[in-house]
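J.: So for the sequence shown, my numbering puts the first residue at 218; every next one is plus one.
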Amino acid sequence: MIATDKPQAKGFTSEQQAYLAGILEKLNLHKAFDGGAKKEAPKTLYGTPIEDLCKEELAKYDTHPLDLWDKIVQLNDRNQIAEGIDQFMFRHFGIFNVEPNSPGYMCRLRIPACKMRGDQLGLLGDLAENVAGGYAHLTTRGNFQLREIMPNRVLDLFAGLYDMGLSCTGSGADSARNITATPTAGFDVAELIDLHQYGIKLGHIILNNRDLNGLPRKFNIAFDNGGSISCVSDTNDIGFLAVKVNDNPVGVAPDVYCRILLGGITGHLDFARDTGIVCKPADTPAIAEAMLRVYIEHADRTNRKKARLKYVLDKHGFDWFIERTQQKLNALGNDVQLMRLSQAYDAPRAKIKRQAHIGIHAQKQEGLNYVGVALEVGKMMPEQMRGIAKIAQKYGQNDIRLTVWQNLIIPHIADADTEAVVAEIEALGLSVNASSFAAGAIACTGKWACKFAGAYTKQDATRLVKYLESKFVLDQPINIHLTGCHHTCAQHYIGDIGMIGAATADGSEGYNIVLGGGTDDDRGLAQEFCGPIAAADIDPLVEYMIEQYLALREGEESFLAFTRRHTIQQLQALLLKA
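The structure is reproduced here in structure tokens:
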């Protein structure tokens, strides 16, 4: 026996046990040791014992979300709304039980890359009028929501969407949500490359692969063309950001690539971080698919609060995740390579223009313009939807783009037609102009139609903007984000001024207020400022804050720069009345 300081293992190793078990089974002697019955291995889902799954994961294990059709038909025919775990499962088909706050279902559509046709918008207006509640809202993922859909109209809703070439499948619950892209893709004078085609391609991949539906948790993906309008890619689970790569010592040929950002979830106080990886733009759909599969295999299925991609990255690290992704890509044999390259070799990004989503702007195609239409925190009426559709068909190329800023863009308008287009938009009760407050005002649905919300965000945002417009004319925008609850759909942490619904001491609706948030070049989470403040008191409070900012700023200093120049304690002393 060889002397060693290492403790000796007791009994057989696992490899030896497996070998002996195989010999015994071949000799038919295994029954003498196990009583003649094979023991079944415990059932697991990607390594998690079934008994440890949270209730939502257990429901998806028992019934795949795409196998709900018979149940949907059954409840539609009974005029019965989904309740309990069924209402969670139905969200995978894009329909949400929002009672008692609003009657019936809410439907969230799926519009990959935030691009739709004008004729689709017109037909969607008809659907909003005839099947839903007579209005629609644009969302912060460049998407539409319809509301007040009665339980016995769900099949009519699906049929209507299908007929116009739209879908709501995979727009809610544990899905890869609507894939966003820069709304000016293809015509932005400052863009590096048009990426929207890859967002659309990825959308098809997701919807046509069963295992990419019913994820461990929601998943957001964005494609940013590096142009003049942000699509807040750094708030997504995966962000593909177009960059121009300069000469470098690692052999990456100078060209336009996509830099990969991972793990954004501002509601959990984290932005997507640079991975140190770039890729060819055409490879982005395959890379996103591989990343989704790594996430599916390793995400926490026992605790939904820790199930997002951020927590996989926190546990295993970015390098581990990138390595597993490359392994997935290699297995497909498509020669897609993830290339390591420091941000130091990226050319500077074009300046982001905060109000470039509103108004008339020249396109890179000579003689053409895009027109950004201002909406009141995303709301549109059916006649407005039909009217905008007709304008896009008459003067444009039947092209409509939706933005994460809750408005829409009509591109490809000839110089000679801009005046007529503006007149027809204004005849619909809409405008191509917005104040420095209205252009950056974002609000989630709020308490009037969302059971999670703690405040009436859309109503409060509309009132606040009009109040501030009556008091100030600013030389630059101030983004104000109102979100109703911890789900942070309006991403209050990235607003210059952010508000999240919270009950006051007497139980009335109110807000906690944060200051100094931003994305992209202004990236930073807003800091806790004050609250809860009663909803009725936010107008004079914000008025005083802006008065003080204008009186104390240095030169033409922006509100964001002003707030970041001071500590939160200094801001409380300066911007809150004694």
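All C-beta atoms, glycine included, are put in the ideal place defined by N, C-alpha and C.
Tell me the DSSP secondary structure of Phe746 in three-state form.
T.: As a working mapping, residue 746 is identified with position 529 in the sequence shown. Strand at Phe746.
J.: Please go through the same chain and pick out, in chain order, the residues whose beta-carbon is closer than 7 Å to the beta-carbon of Asp632, but skip the five residues on each side of it.
T.: Start at 1 with the first residue of the sequence shown, and residue 632 comes out as number 415. Gly584 and Asn586.
J.: Comparing the CB of Leu619 with every heavy atom of the ligand FAD, is any distance shorter than 6 Å?
T.: This structure does not include the ligand FAD; it has no bound ligands of any sort.
J.: Identify which residue in Leu788, Ala719, Gln693 and His703 has its Cα closest to the Cα of Gly733.
T.: On the sequence shown, position 516 is the one that residue 733 refers to. With distances taken between Cα atoms, Gly733 lies closest to Leu788.
J.: In this structure, how does DSSP classify Ser384 when only helix, strand and coil are distinguished?
T.: What you label residue 384 is simply residue 167 of the sequence shown in a count that begins at 1. Three-state result, Ser384: strand.
J.: Report the three-state DSSP secondary structure of His703 (helix, strand or coil).
T.: Stepping through the sequence shown from its first residue, residue 703 is reached at position 486. Of the three classes helix, strand and coil, the one that applies to His703 here is coil, per DSSP.
J.: Cα-Cα, which of Gly481, Ser775, Ser648 and Thr780 is closest to Gln836?
T.: Outside the displayed span of the chain (218 to 795) sits residue 836, for which this structure offers no information.
J.: May I ask you to report which of helix, strand or coil DSSP gives Phe313?
T.: Sequence index remark: in the sequence shown, residue 313 carries index 96 (1-based). Residue state, collapsed to three classes: strand.
J.: Thinking Cys747 and Val315 are a contact (beta carbons under 8 Å), I'd like their distance in whole angstroms, please.
T.: Reading the sequence shown from its first residue, position 530 is the one you call residue 747. Reading the sequence shown from its first residue, position 98 is the one you call residue 315. The pair is not a contact, with the Cβ atoms about 30 Å apart (cut-off 8 Å).
J.: At the level of alpha carbons, what is the spacing between Thr483 and Ile711?
T.: Here residue 483 refers to the residue found at position 266 when the sequence shown is read from its first residue. Here residue 711 refers to the residue found at position 494 when the sequence shown is read from its first residue. Rounded to the nearest angstrom, the two C-alpha atoms are 8 Å apart.
J.: Evaluate Val690 with the Cβ neighbour count: other Cβ atoms within 10 Å of its Cβ, from every protein chain shown; 16 or more gives buried, anything less gives exposed.
T.: Here residue 690 refers to the residue found at position 473 of the sequence shown. With fewer than 16 Cβ atoms within 10 Å of its Cβ, Val690 is classed as exposed.
J.: To which residues of the same chain is Gly735 closer than 7 Å at the C-beta, ignoring the five residues directly before and after it?
T.: Locating residue 735 in the sequence shown gives position 518, counting from the first residue. These residues qualify, in order along the chain: Ile711, Gly741 and Leu777.
J.: Quick check: the Cα distance between Asp336 and Ala407, rounded to an integer number of angstroms?
T.: Counting from one through the sequence shown, the residue named residue 336 turns up at place 119. Counting from one through the sequence shown, the residue named residue 407 turns up at place 190. Going by the C-alpha atoms only, they are around 28 Å apart.
J.: When DSSP labels each residue in this structure, what does Thr356 get in the three-state scheme?
T.: If you number the sequence shown from 1, residue 356 lands on position 139. It is coil, neither helix nor strand.
J.: In or out: Gly657 buried (at least 16 other Cβ within 10 Å) or exposed?
T.: For the purposes of this step, residue 657 is taken as residue 440 along the sequence shown, with counting starting at 1. Buried is the call here.
J.: What residue from Arg434, Leu424 and His413 has the CA that sits closest to His819's CA?
T.: In the structure as shown, the chain starts at 218 and stops at 795, and residue 819 therefore has no counterpart that could be examined.
J.: Just mark Gly253 as buried or exposed, buried being the case when its beta carbon has 16 or more other beta carbons within 10 Å.
T.: Start at 1 with the first residue of the sequence shown, and residue 253 comes out as number 36. Reliability of the predicted coordinates at Gly253 is poor, the pLDDT of 49 falling under 50, and no value is obtained from them.
J.: Could you name the residues of the same chain whose beta carbon sits closer than 7 Å to that of Thr679, not counting the 5 residues immediately before and after it, in chain order?
T.: Residue 679 sits at position 462 when you count from the first residue of the sequence shown. Correct list, in chain order: Glu593 and Val594.
J.: Report the residue from Arg541, Met333 and Thr635 whose alpha carbon sits nearest the alpha carbon of Ser648.
T.: In the sequence shown, the residue the question calls residue 648 occupies position 431. Ranking the options by Cα distance to Ser648, first place goes to Thr635.
J.: Using 7 Å as the threshold, is the C-beta distance between Leu419 and Ile446 below it?
T.: Along the sequence shown, one-based indexing puts residue 419 at 202. Along the sequence shown, one-based indexing puts residue 446 at 229. Cβ atoms of Leu419 and Ile446: not closer than 7 Å.
J.: Kindly give me the distance between the Cβ atoms of Ala459 and Asn442, rounded to whole angstroms, as I take these residues to be in contact under 8 Å.
T.: For this step, residue 459 is matched to residue 242 along the sequence shown. For this step, residue 442 is matched to residue 225 along the sequence shown. Sure, about 5 Å apart at Cβ, within 8 Å.
J.: Which of helix, strand or coil does DSSP assign to Asp269?
T.: Position 52 of the sequence shown, counted from the start, is the residue given in the question as residue 269. Helix at Asp269.
J.: The beta strand (DSSP E) spanning Glu774 covers which residue range?
T.: The sequence position of residue 774 within the sequence shown is 557, counting from 1. Unbroken run through Glu774: none, as it is neither H nor E.
J.: Measure from the alpha carbon of Asn729 to the alpha carbon of each residue in Lys532, Leu326 and Leu758, then state which is nearest.
T.: If you number the sequence shown from 1, residue 729 lands on position 512. Comparing Cα-Cα distances from Asn729 to each of Lys532, Leu326 and Leu758, the minimum goes to Leu758.
J.: Tell me the rounded alpha-carbon separation between Asp756 and Leu685.
T.: Translated into positions along the sequence shown, residue 756 becomes position 539. Translated into positions along the sequence shown, residue 685 becomes position 468. Roughly 8 Å between the two C-alpha positions.
J.: Quick one, which of Asp391, Val467 and Thr620 has its alpha-carbon nearest Ala439's?
T.: As a working note, residue 439 is residue 222 in the sequence shown. Ranking the options by Cα distance to Ala439, first place goes to Thr620.
J.: Among Glu745, Ala752 and Gly701, which has the Cα closest to the Cα of Thr721?
T.: Position 504 of the sequence shown holds residue 721. When only C-alpha atoms are compared, the closest one is Ala752.
J.: Assess contact between the stretch 572-583 and the stretch 490-504, defined as three or more Cβ pairs (one per stretch) separated by less than 8 Å. Is contact present?
T.: Short answer: they don't touch.
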